[in-house]
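These notes concern the structure reproduced below.
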Amino acid sequence: MWNLSLPWWEFIIRGLIVYIFLIMLLRLTGKRQIGQMAPFDLVLLLVLSNAVQNAMNGGDNSVLSGIISAVTLVAVNWLVGLLTYKSKRMEALVEGRPEVLIHNGKLFEKALKHTMITHHELMTALRAAGCSEVHDVHAAMLETDGSISVIPKSKG
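Okay, so the sequence shown: first residue is -19 according to this note's numbering, each after it adds one.
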């Protein structure tokens, strides 16, 4: 239960490698995937966590290896949060930047394609903000958390 089959430091290195790999993988798939999870996205994350489990524990199912892996992941996540708070470059690297989808009633199709936002998803966000058409929008942004924020044109 408590005996490790690998040196303790190997669990830390394995955890770091898996954490960095998953951050890069999720970052490459785009902002939308994180902020707007569909049921299949949740299934993917659950299966993904199971897929990388053995990569982190090296086949060791002891309580101590689980504790070391969990502490490593929480510590690395805390460190990444601290670095993104203190460094704009790190924040841009990890979280990305907001993307303009609409500006002054003009829809940027290239941005929709790049972010893989469908017209239906965009129109849903516009309606939620009280805009029925693209020309009613001053700005619509895909935020770094995957949400779409909409600023309607002023009525005056």
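Cβ coordinates follow ideal geometry from the N, Cα and C atoms, glycine included.
In this text, all values refer to a predicted model and were calculated from it rather than measured experimentally.
Residue i - containing beta strand (DSSP E), residue span
i	result
M121	117 to 122
L81	79 to 83
I97	Looking at the DSSP string, I97 is not in any beta strand (DSSP E), and its letter there is neither H nor E.
S129	128 to 132
Residue i burial status per 10 Å Cβ neighbour count (16 or more: buried)
i	result
L22	exposed
N30	exposed
T104	exposed
T9	exposed
R(-6)	buried
N57	exposed
S134	exposed
V51	exposed
V117	buried
V27	exposed
I48	buried
Own chain partners of residue i with C-beta closer than 8 Å, once the 5 adjacent residues on each side are dropped
i	result
I128	L81, I97, E101, L102, A105, A120, M121, L122
E79	K11, A91, H94, T95, M121, L122
I(-3)	A35
Enclosing alpha helix (DSSP H) for residue i [first to last residue]
i	result
L59	43 to 66
V(-2)	-12 to 9
Cβ neighbours of residue i in the same chain (closer than 7 Å, five flanking residues each side left out)
i	result
S42	M(-19), W(-18), N(-17), L(-16)
L53	G(-5), Y(-1)
Q33	none
W(-12)	I48
Other residues of its chain near residue i: CB distance less than 6 Å, five sequence neighbours each side excluded
i	result
L(-14)	G38, D40
E71	T64
H83	A119
Interface flag, residue i vs chain B, CB-CB below 8 Å
i	result
I(-8)	Checking the listed chains, one finds no chain B in this structure; it contains a single protein chain.
Distance between beta carbons of residue j and residue i, contact taken as under 8 Å
i	j	result
G61	T124	Not a contact, Cβ separation roughly 14 Å.
S45	F88	About 48 Å separates the two Cβ atoms, so there is no contact after all.
Meets three-Cβ-pair contact criterion under 8 Å: the segment -8 to 5 and the segment 61 to 69: With the cut-off at 8 Å, the segment -8 to 5 and the segment 61 to 69 do not touch.
Segment contact, 8 Å Cβ cut-off, at least three pairs: the segment 109 to 120 with the segment 89 to 96: As far as the Cβ criterion goes, the segment 109 to 120 does not touch the segment 89 to 96, which means the pair count is below three.
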